[in-house]
Amino acid sequence: MLNKSSALPGTARLKAILEDPDTILQIENPTEKMQLAAVQKKPELIGHLPFATEKVQLSAVITSAESIFLIHNPSPTACFVAMEGILGLSLFPGRTVLEAAKELVLQMQKDKAGERSSTAAIEKFMKEVEPFKN
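Mapping to my numbering: the sequence shown position 38 is 1124, numbers consecutive.
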């Protein structure tokens, strides 16, 4: 996918993304720095970045916790940060909690795709993480 944006030097592409985050959609293999710039300004772009690093995922969910549902393969840490934000929790990020957060996000993605409620999944998560609340 060679186009006008891909032909620009790296710094010019980064500047273009800072001015218009959607520019990243025209760049083949954007760098992590470019991805970070895009999702910080427009977190929903994470859905168009299938190979986003954990750092990029975290940047997106810190900006908008709901963007976790657009991530193709969210990291457990990104799931944890998103669920803390969405559910208004303060949890100790141990292995059990990280795994439970990822499981919840994946279930909520399935529920959303099937137009089902995620209430049961959220209740299960809340029971699992109760001992880890700060």
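Beta carbons: idealized from backbone N, C-alpha and C, even for Gly.
May I have the straight-line CA-CA distance separating Leu1088 from Gln1112, to the nearest angstrom? Since pLDDT at Leu1088 reaches only 39, below the 50 mark, its modelled position is unreliable, and no value is offered.
Does DSSP classify Leu1175 as helix, strand or coil? coil
Let's test the definition: count the other Cβ atoms within 10 Å of the Cβ of Thr1109 and tell me whether it reaches 16, buried, or not, exposed. buried
Can you tell me where the alpha helix (DSSP H) holding Leu1111 begins and where it ends? Taken as a continuous stretch (DSSP letters only), Leu1111 belongs to no alpha helix (DSSP H), as it is neither H nor E.
Does DSSP classify Lys1128 as helix, strand or coil? coil
Which whole-angstrom value describes the C-beta separation of Leu1156 and Gly1133, a residue pair presumed to lie in contact below a C-beta threshold of 8 angstroms? 3 angstroms
Step through the CB atoms of chain B and report whether any lies within less than 9 angstroms of the CB of Ala1199. The question asks about chain B, but that chain is absent: this structure has only one protein chain.
Over what stretch of residues does the alpha helix (DSSP H) that includes Leu1190 continue unbroken? 1181 to 1199
Exposure label - Arg1202; buried when at least 16 CB within 10 Å: exposed
On the premise that Thr1163 lies in contact with Gln1126, defined as a C-beta separation below 8 angstroms, what is that separation, rounded to the nearest angstrom? At roughly 17 angstroms, the Cβ-Cβ gap does not stay under 8 angstroms, so Gln1126 and Thr1163 are not in contact.
Leu1175 and Ser1161: beta carbons closer than 9 angstroms? no
Short of 7 angstroms in beta carbon distance, which residues of its chain neighbour Val1215, apart from the five on each side in sequence? Order them along the chain. Leu1177, Val1183, Ala1186
For Phe1211, collect the residues of the same chain with a Cβ closer than 6 angstroms to its Cβ; drop the 5 residues on either side in sequence, then sort them by chain order. Ala1186, Leu1190
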